[in-house]
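Participant: The structure follows.
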Amino acid sequence: MSSHRKTAIAGSLLTASFTSVMILGFTASADDEGGLSNHGGKTVDAAPADVKLSTLLSKEIKVDNKSGETDITGVVKNEGSKASGKIRLLVVGFDGMTVKNVKGCSAIPEGDLPDGANSGFACAIDDLAAGKSKTYAIDATYDLSKQGKICLPVQNADGSKTYWQQGPVPFGTTNQAPNEPATPLLLGTDNSPVTPGGGGGDGGSGGGSGGGGKDDKPDELPQTGPADRVLPLGLAGAALVSAGAAGLWWNQRRARQES
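The sequence shown begins at 220 in our numbering and counts up one residue at a time.
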């Protein structure tokens, strides 16, 4: 895999400079839209004029206690006054959540996944008209002995800009019922594994999903979660999460190139 391809999917996928975040970033409210939520979503790069892209995820899913299978609804929408032009939606799974299929989308090769991801699909959209949305059926499995997260970035066609990103946001429960047919999980809730040695949940947003800042893995993914979680800001070696904020983004690759 070439470094260019890695950059297109992973590098610009989930990061932006600190300055861009302070100007453009905001924390989306977890609005309920027919059982869907934009919890953990934020603007990253500026979209074209009069284009306003965002996503929604199921607020609640149910995981089959025998097979681990679950169904998730993902939505990308354009609330602007102009059509989007060519864009793409990525659906990426982390930790205990593995994305098995997204109808109408193509699997991202393992070597092109962002650091910490175990699966992902890319959904090409030729044009999303103003005021319109597109819904995707996401098939996944969830290992209830772990925490699990999902991420929905919306990018331009070549992946060089990320207009919006929801997540990585957790699904989970603090009260599993292994004797029931299925376990309900809520968006924005860290999973507390019921199995011995599973950790029982720490109330945080579940461990790092990146490469710990290794030189050969610059595309470390940020976390979303409670306001008391600290997020690594790349070379700055500091953290900043304000109350109610989903997280800040730091482009380690750009920082290295500019230094």
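Beta carbons: idealized from backbone N, C-alpha and C, even for Gly.
Counting Cβ pairs closer than 8 Å, one from the region 297–304 and one from the region 344–352, do we hit at least three?
Facilitator: Short answer: they touch.
Participant: Among M316, K380, A336, P397, whose alpha-carbon lies nearest the alpha-carbon of P389?
Facilitator: Answer by Cα proximity: M316.
Participant: Can you tell me which of the three DSSP states E399 falls into?
Facilitator: The answer is coil: DSSP assigns E399 none of H, G, I, E or B.
Participant: Flag this pair as yes or no: are the beta carbons of A359 and T292 separated by less than 8 Å?
Facilitator: Result no, Cβ atoms of A359 and T292 do not sit closer than 8 Å.
Participant: For E329 and S338, what's the separation of their Cα atoms in angstroms?
Facilitator: About 7 Å.
Participant: Between which residues of its own chain and A376 is the CB-CB distance below 7 Å, once the five residues before and five after are set aside?
Facilitator: K305, I306, R307.
Participant: Name the two residues that bound the continuous beta strand (DSSP E) containing N284.
Facilitator: Segment: none, N284 is in no beta strand (DSSP E) and carries neither H nor E.
Participant: Using the C-alpha atoms, what's the distance from A343 back to L404?
Facilitator: Distance between the alpha carbons of L404 and A343 is about 29 Å.
Participant: Looking at the structure shown, is E298 part of a helix, part of a strand, or coil, going by DSSP?
Facilitator: Correct three-state label for E298: coil.
Participant: What's the C-alpha gap between G335 and L276?
Facilitator: Between G335 and L276, the C-alpha separation is close to 21 Å.
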